[in-house]
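J.:
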Amino acid sequence: MTRTALVMAGGTGGHIFPGLAVAEELRTRGWQVHWLGAPGSMEEKLVPPRGFAFEPVQFGGVRGKGPLTLLMLPGRLLRAFLQSIAVLRRVKPDVVVGLGGYITFPGGMMSVLLGKPLVLHEQNSVAGLANKVLASVANRVFTAFPDVLKNATWVGNPLRAGFLQQPVPAVRFASRSGPLKLLVVGGSLGAKALNAVVPKALAMIAPAARPSVVHQSGAKQIDELRANYAAAGVTGELTPFIDDTASAYADADLIVARAGASTVTEIAAVGAAALFVPFPSAVDDHQTTNAHFLVDAGGGWIVQQSELTPELLADLLQKTERSTLVERAMKAKTMQKTEAVGEVVRACEELAAKREARA
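Counted from 1, the sequence shown has number 1089 at position 199 by our numbering; the numbering is strictly sequential.
Printed below as a string of structure tokens:
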């Protein structure tokens, strides 16, 4: 008998890509996987091309959206509950797996109401609102960082296979010489501050010593990024999206990035040195907490966006030796946890087996 899982994750790549890692492993083990997400969302763009059935439920974020959104919340939540019930009754999942984003709340609550086993994974070092509530009713709870939720198991972040297959830092750096190779990653939504500061910083460095750069802008900001580089009189490989992020991390001497949970844990798995610039509007400032997980272990640096200037970045790039970067990369590597996908999938199989035994 084929088992069925309903995966719930949405909003940003930080939730979606760990969800895809779990979904792909479940499929490898013979499960049929459906995905609950919001219509018109990033997950609707990314998930169906990978061969998973997409189940739309209309629900979105509420924090920081103003009084009108809060006033409409009861009606929106009721609609999402009813849509989630319809999906659950039609798909009939053996297990429901939530990996964060507001979309997980209605699906998670209704799965418990209908007696479906619920497995949660919290990616961030500060739990999101949906997972804080759902953790109290879930069958199994996992986290990417330690000490995030009570009665949770710290397993790291579900990672795609490429992040676990890169050579270790000492091997990668052994034959490198010349100017540094810089990778700038703004995350799935991009980062205007990095797009503005980095080209100006590069322009302050003499061309012979200037790092080569790959700069990921975010889909909506590529034209602005190209204009910024042209205005600064510098060149780089500018792209809205990086398909093979694992190889890009491994190829870089230094990464400049936001500090989303996926970014931080992927960098640890590869073993790379990073300068983290946390997104200042992140809920509960969780990106700063995420970054400190590696920075406090010696795996990189942290600079708040308000303090990031072209002068500061240019100075860091000129003063930092490659030998320092390989040391930071090796320390980042010591913080990796690579068994999250296996742990989450194992929990799904155990809960499904218990359910079958009772049937």
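Quick reminder that beta carbons are idealized off the backbone N, C-alpha and C, glycines included.
All figures in this text were calculated on a predicted structure; none of them were measured in a lab.
Write down every uninterrupted run of the beta strand (DSSP E) in the segment 1124 to 1164 whose length is 3 residues or greater and which is fully enclosed by it, in chain order.
T.: If we require 3 residues or more, the beta strand (DSSP E) runs fully inside the segment 1124 to 1164 come out as 1127 to 1129 and 1144 to 1147.
J.: Restricting to runs no shorter than 4 residues, where is the alpha helix (DSSP H) found entirely within the segment 998 to 1080?
T.: As far as the segment 998 to 1080 is concerned, its whole alpha helix (DSSP H) runs of at least 4 residues are 1019 to 1024 and 1059 to 1063.
J.: If you measure between the beta carbons of Ser1152 and Pro964, is that distance less than 8 Å?
T.: The answer is no: Cβ separation not under 8 Å.
J.: Mark Thr994 as exposed unless 16 or more other C-beta atoms lie within 10 angstroms of its C-beta, in which case mark it buried.
T.: Buried, because 16 or more other Cβ atoms sit within 10 Å of the Cβ of Thr994.
J.: To the nearest angstrom, how far is it from the Cα of Gly1126 to the Cα of Lys1071?
T.: Each residue's alpha carbon lies about 11 Å from the other.
J.: Just how far apart, CA to CA, sit Phe1183 and Leu1144?
T.: Taking the straight line joining both Cα atoms gives about 17 Å.
J.: Asn1047 to Ala1230, Cα distance in whole Å?
T.: Those two C-alpha atoms are separated by around 6 Å.
J.: Can you give the beta carbon distance from Glu1149 to Ala1181, rounded, assuming they're within the 8 Å contact cut?
T.: Inspection of the sequence shows that residue 1149 is occupied by Ala rather than by Glu. Their Cβ separation, rounded to whole angstroms, is 4 Å, which keeps Ala1149 and Ala1181 in contact under 8 Å.
J.: Distance, Cα to Cα, Phe1053 vs Met1220?
T.: Roughly 15 Å between the two C-alpha positions.
J.: Report yes or no: do the segment 1160 to 1180 and the segment 1126 to 1140 share at least 3 C-beta pairs separated by less than 8 Å?
T.: Yes: the two stretches touch, three or more of their Cβ pairs being nearer than 8 Å.
J.: Compute the Euclidean distance between the alpha carbons of Ala976 and Arg1236, then round it to the nearest angstrom.
T.: Roughly 27 Å between the two C-alpha positions.
J.: Please report the straight-line C-alpha distance between Ile1112 and His1105, rounded to a whole angstrom.
T.: Answer to the nearest angstrom: the Cα atoms are 10 Å apart.
J.: Just grab the DSSP bridge partners of Gln973 for me.
T.: BP columns for Gln973 are empty, so no partner.
J.: Mind checking Gly1018: buried by the 16 CB within 10 Å criterion, or exposed?
T.: Counting Cβ neighbours within 10 Å, Gly1018 comes out buried, since at least 16 surround it.
J.: Given that a residue counts as buried once 16 or more other Cβ atoms are within 10 Å of its Cβ, and exposed if not, what is Phe1169?
T.: Classification of Phe1169: buried, given that the 10 Å Cβ count is 16 or more.
J.: For Asp1009, count neighbouring Cβ atoms within 10 angstroms of its own Cβ and tell me buried if that reaches 16, exposed if not.
T.: Residue 1009 is actually Val in this sequence, not Asp. The residue in question, Val1009, is buried, as its Cβ has 16 or more Cβ neighbours within 10 Å.
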